[in-house]
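J.: Pasting in a structure now, in structure tokens, and then I'll have a few things to ask.
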Amino acid sequence: MGSSLCPHPCSENPYTGLVSRLRAAWLSGRTRSLEYRMAQLEALGRFLEEKKQNILEATALDMVLEMGKHC
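Count along the sequence shown from 1, then add 170; that gives the number in the working numbering.
Structure follows, in structure tokens:
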């Protein structure tokens, strides 16, 4: 059923199913090991270090473009 605040028919929160599946997985104990999580974080750290300059350049460009909108 739609909300009175929604201008068009809204059924339900689109994340309800995802949250339900994630909650069920958590409650079942089907989660990743600490070793897996640590390896993922280490890989993310390496990726960020490798792409640091690209990230900084893209962020700087975004900031310049955003500032230009307000001048």
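Every residue gets a Cβ at the ideal spot worked out from N, C-alpha and C, and that includes glycine.
Would DSSP call Glu219 helix, strand or coil?
T.: Residue state, collapsed to three classes: helix.
J.: Which residues in the same chain have their Cβ closer than 8 Å to the Cβ of Ala195, if we skip the five residues on either side of it in sequence?
T.: Excluding positions up to five away in sequence, the list reads Thr201.
J.: Hey, quick one: how far does the alpha helix (DSSP H) through Arg193 stretch, first residue to last?
T.: From DSSP, the alpha helix (DSSP H) with Arg193 extends over 186-198.
J.: Once DSSP output is grouped into helix, strand and coil, what is the label at Asn224?
T.: In this structure, Asn224 counts as helix in the three-state DSSP scheme.
J.: Taking 9 Å as the cut-off, decide whether the C-beta atoms of Leu235 and Ile225 are in contact.
T.: Not a contact, by the Cβ cut-off of 9 Å.
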